[in-house]
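Data first, discussion second: the structure below is written as structure tokens.
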DNA sequence: TCATTTCCGACTAGATTCGTCGGGATTCAA
DNA sequence: TTGAATCCCGACGAATCTAGTCGGAAATGA
Ligand code: FES
Ligand code: FES
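Chains as they are written, first to last, in the working numbering: chain L, 41 to 187; chain Y, 41 to 187.
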């Protein structure tokens, strides 16, 4: 039941970009340094986030990454889904992912409801937390590290 | 964000034992067959659940496993913790597990609250679902397979 | 005694995670 | 026009985790 470092670091990076939103592109190097993540690893993650349309990039000198949308329009759930796939405790809940909607139970699956509850409750938290929520909290705490 | 097969099968097995609660020890073989889980693998899981005090076992012929407590006193959260460890999206939330309460952030960690919310919401579901909840649902649906 | 059943530890193949590495393409600025 | 900054891409690799298997010992009831 863990979130992988892809998800963890990805959220950190997006949070960093949210703090710096509106200041033009921020180089990967700066994000990596502030968020204590390896540059080369973060590059992978931001690449995926770019292909998913959550960040935009500018190449060349003075280039970097920035959020593709305002912080209040990007949720943590979106970030996690890009970096880790569907948010679901069990593949069988995710009808889009091939393995049919049911496990091998003879009749209806009694346990399905349990796992669905778990999924819903995870998604509720992650989809209702936006980068703006995190940004404003950082400002309130006085730990906004942007510039 | 997945539950492993240990957790999944473990809950299935405990659910099966709940359906058969009060009928004396149920052999592993019967549980494995009904729940479509490999016998040798399930043996590992039930061993851990026994050592954790959630099931009791009777050795020898006519032996088997049974719940150590009535179904309403065992939660899915307990089962998952035995088989997968603490329910937490990030190790840093779990103060008992060595790696200190904080990630490497300079000041307070703004993101911690997010992950804590996620953890709370997962635990709320898993700790509030008892085996009795699952058992009564199975009976209501008419899919109780015990005997 | 013998079939049944739990108990235990060791072992393994495969998948996944968590990165690293090398080099190419693009852009700005001097 | 050159060079530094920066993103882009794919391949590679070590370590860890997952999902089991296997062989045999011990206990128990018939
Ligand atoms: S349908 Fe998913 S566990 Fe049964
Ligand atoms: S304290 Fe856990 S992510 Fe910062």
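We put the beta carbon where it would ideally sit given N, CA and C, even for glycine.
Bear in mind that the values here come from a model prediction, so they are computed numbers and not experimental data.
(message) Just list the residues that DSSP pairs residue 66/L with in beta bridges.
(response) For this step, residue 66/L is matched to residue 26 along the first chain. Its beta-bridge partners are 105/L.
(message) Taking the alpha carbon of residue 174/Y as the reference point, which residue from 115/Y, 75/Y, 72/Y, 150/Y has its own alpha carbon closest?
(response) For this step, residue 174/Y is matched to residue 134 along the second chain. When only C-alpha atoms are compared, the closest one is 115/Y.
(request) Report the three-state DSSP secondary structure of residue 122/Y (helix, strand or coil). (result) Your numbering for residue 122/Y matches position 82 in the second chain. Looking at residue 122/Y - three-state DSSP - the assignment turns out to be helix.
(request) Helix, strand or coil for residue 128/L, going by three-state DSSP, please let me know. (result) As a first step, residue 128/L is located in the first chain; it is residue number 88 there, counting from the start. Reduced to three states, the DSSP call for residue 128/L is coil.
(request) Run down chain Y in chain order and give the residues with a C-beta less than 8 Å from the C-beta of residue 177/L. (result) Here the question's residue 177/L lines up with position 137 in the first chain. Within chain Y, the residues near residue 177/L are 150, 153.
(request) Kindly indicate the opening and closing residues of the beta strand (DSSP E) around residue 43/L. (result) As a first step, residue 43/L must be located in the first chain, where it is residue number 3. Element bounds for residue 43/L: n/a, residue is neither H nor E.
(message) Run through the DSSP bridge pairs and tell me what residue 95/L is partnered with.
(response) In the first chain, counting from the first residue as 1, residue 95/L sits at position 55. Bridge partners of residue 95/L: 107/L.
(message) Just list the residues that DSSP pairs residue 115/Y with in beta bridges.
(response) Working through the second chain from its first residue, we reach residue 115/Y at position 75. Residue 115/Y is bridged to 170/Y.
(request) Identify the contact partners of residue 169/Y in chain L, using a Cβ-Cβ distance below 7 Å as the criterion. (result) As a first step, residue 169/Y must be located in the second chain, where it is residue number 129. In chain order: 154.
(message) On the CB-based measure, 16 or more other CB atoms within 10 Å of its CB, does residue 121/L come out buried or exposed?
(response) By 1-based counting over the first chain, the position of residue 121/L is 81. The residue in question, residue 121/L, is buried, as its Cβ has 16 or more Cβ neighbours within 10 Å.
(request) Report the rounded CA-to-CA distance for residue 48/Y versus residue 117/L, giving the unit in angstroms. (result) Residue 48/Y sits at position 8 when you count from the first residue of the second chain. Residue 117/L sits at position 77 when you count from the first residue of the first chain. Each residue's Cα considered, the two are about 24 Å apart.
(request) Would you mind stating whether residue 100/L and residue 67/L have Cβ atoms separated by less than 8 Å? (result) Here residue 100/L is taken as the residue at index 60 of the first chain, counted from 1. Here residue 67/L is taken as the residue at index 27 of the first chain, counted from 1. Taking 8 Å as the Cβ cut-off, residue 100/L and residue 67/L do not qualify as a contacting pair.
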